[in-house]
Each structure stands twice: as structure tokens, then as C-alpha cells.
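These notes are about the structure you will find just below.
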Amino acid sequence: MKVIALHKPAARRGGMSANAFAGHDRLDTLDLCGPSQVGGKLLDVTSNAQPERLIWLTSIQDAVQNYLPWGLGKNGTEGHEFWFAIRYLFHVQASKPKTWQDAPRSIKQTYRDEATGRRVNRTVTYSDAHLMFMCLDNLWDFLQFPMTLETFRADLMAERRGRVASNWGQVADYLGLPGAFERWEDALVCPTELEEVEAILVHFNNKNRRATSRYQEAA
111 MKVIALHKPA ARRGGMSANA FAGHDRLDTL DLCGPSQVGG KLLDVTSNAQ
161 PERLIWLTSI QDAVQNYLPW GLGKNGTEGH EFWFAIRYLF HVQASKPKTW
211 QDAPRSIKQT YRDEATGRRV NRTVTYSDAH LMFMCLDNLW DFLQFPMTLE
261 TFRADLMAER RGRVASNWGQ VADYLGLPGA FERWEDALVC PTELEEVEAI
311 LVHFNNKNRR ATSRYQEAA
């Protein structure tokens, strides 16, 4: 992975950002097949990467995209996606079977058979070996990134903490959270229990219900 430059915009004054991504680019627009423009700078992630490598890189990209911007505004990320990203990025480890042994092992797939033209439904069941391989700590070694997983995780949490803290007015308003950033910091940066995220969603849902009620009364 060759990183030429990565743009980090300065925080805006007043704890508010220009958009629901806190002034940063969407990571899901990053082209994993070669150089991309990010914040006006060139980022070369995986030139000439093998297809199977791109599959695993995409899973990491999706998790980071669901992690970094959640709560900054209406940007397409949801609370349950944030929690799943947290578990994938920080908590589930191949070396700790108790973190993945209870994961769903079967998924249903639907595809069109090119020979018959018919739609085919099938159920795929994952083995322990497959579940272990999909854990981030295993993939990290497999993909041979030029930094340790510990460094990546620390940098990722620091980036998330900075985005939320520097835009706290916007985050608190969008999620309906009372109090200062420090009160919600752990739950918004790296919660260890689902209940922490659910507590945030209670405030978020209550705020939306109040807004709906005011709209109906005005109508």
C-alpha cells in the first residue's frame, strides 16, 4: 500500500462542520483498484491488486466508512452499522474464539446460473477456520499492511475522537445528546457493549419523536 498524501481538513470554528461528514471525503468513493483523489490529494492504495485481496480490502473499507462518520449527521450510516464496525475493527479477534464462536454461520445466497438462466438459492455454512480467517487480525497479517494492526486501531480511534470532539455541537444536536463530549466519549469512540450504543439511540429516537410531534402539531 503506497500512501502519497491524505488530506485532513482543519476543524471549523463553533463545533460545527460544513456537512454530515465533518468536511471529510466519503471513504466509500475511494477506488481500491488504483490511485484516487481524496481531499485534492492522490492516494494510491492497491495498484494491480489481486481480486481476492480487493474483496478483503473492501470489507475493511466498509467497516471504516460505517465507523468514522456515524453521528456527525444524516450521512447514510446507522447505529447498528456503527456497532458492527466497532466489533469488527476492535473487538473480534481470531486469537480469541469467544469473540466469534457465536457469530451466524449460515447465509443465504441468490444468484443466476449462467448456463440455465435460472435463479439459484443456496445456503452457505461457514466453518471455524473460515470465521477465523475473516477476523481482522488474521486478514491484517494476510494482507501485509506496512503498519501494525495496533497502530491502525490507535490512529483510527484518534481520528474518530478528533472528528466527534471538534464537531461536538453538530453531533450533540443530531443525536440529541445532553452534556459535554467527555460524557459520551467512550460510547462514541470505542464502546465495549451494545448497551452503550443503544443508550445513544434512545436519545436520538426521542429527539426524532419530539420533532415529528412538533411537525404534526404545526400541520
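Under my numbering, the sequence shown has 194 at position 84, and the numbering climbs by one with no breaks.
Even glycine gets a Cβ: it sits at the ideal position worked out from N, Cα and C.
Residue burial classification, residue i (beta-carbon count within 10 angstroms, cutoff 16)
i: residue 207; result: exposed
i: residue 239; result: exposed
i: residue 320; result: exposed
i: residue 117; result: The predicted model places residue 117 with a pLDDT of 35, which falls under 50 and marks its position as unreliable, so this point remains unresolved.
i: residue 88; result: Coverage of the chain is limited to positions 111 through 329, which leaves residue 88 absent and any answer about it impossible.
Residue i - partner residues in DSSP beta bridges
i: residue 235; result: 216
i: residue 230; result: 221
Nearest-angstrom Cα separation, counted from residue j out to residue i
i: residue 131; j: residue 177; result: 11 Å
i: residue 312; j: residue 224; result: 47 Å
i: residue 289; j: residue 296; result: 14 Å
i: residue 269; j: residue 284; result: 20 Å
i: residue 163; j: residue 173; result: 16 Å
i: residue 293; j: residue 318; result: 21 Å
i: residue 198; j: residue 166; result: 13 Å
i: residue 182; j: residue 305; result: 20 Å
i: residue 222; j: residue 230; result: 6 Å
i: residue 263; j: residue 282; result: 25 Å
i: residue 237; j: residue 218; result: 15 Å
i: residue 227; j: residue 303; result: 46 Å
i: residue 202; j: residue 265; result: 18 Å
i: residue 301; j: residue 241; result: 23 Å
i: residue 186; j: residue 280; result: 16 Å
Spatially closest choice to residue i from the options, by CA coordinates
i: residue 62; options: 275, 166, 306; result: Because the chain spans 111 through 329 in this model, residue 62 falls outside it and cannot be assessed.
i: residue 169; options: 194, 179, 302, 212; result: 194
i: residue 260; options: 252, 271, 246, 272; result: 246
i: residue 200; options: 286, 309, 299; result: 299
i: residue 235; options: 251, 216, 243; result: 216
i: residue 316; options: 287, 304, 237; result: 287
i: residue 340; options: 228, 242, 190, 227; result: The chain is shown only over 111 to 329; residue 340 falls outside these bounds and no answer can be derived.
i: residue 249; options: 204, 220, 281, 179; result: 204
i: residue 213; options: 192, 244, 220, 232; result: 244
Residue i: CB within 7 Å of a non-hydrogen atom of the ligand GTP
i: residue 242; result: The model on display carries no ligand, and the ligand GTP is accordingly not part of it.
Can you find at least 3 beta carbon pairs, one from the stretch 247 to 263 and one from the stretch 208 to 220, that sit closer than 8 Å?
no
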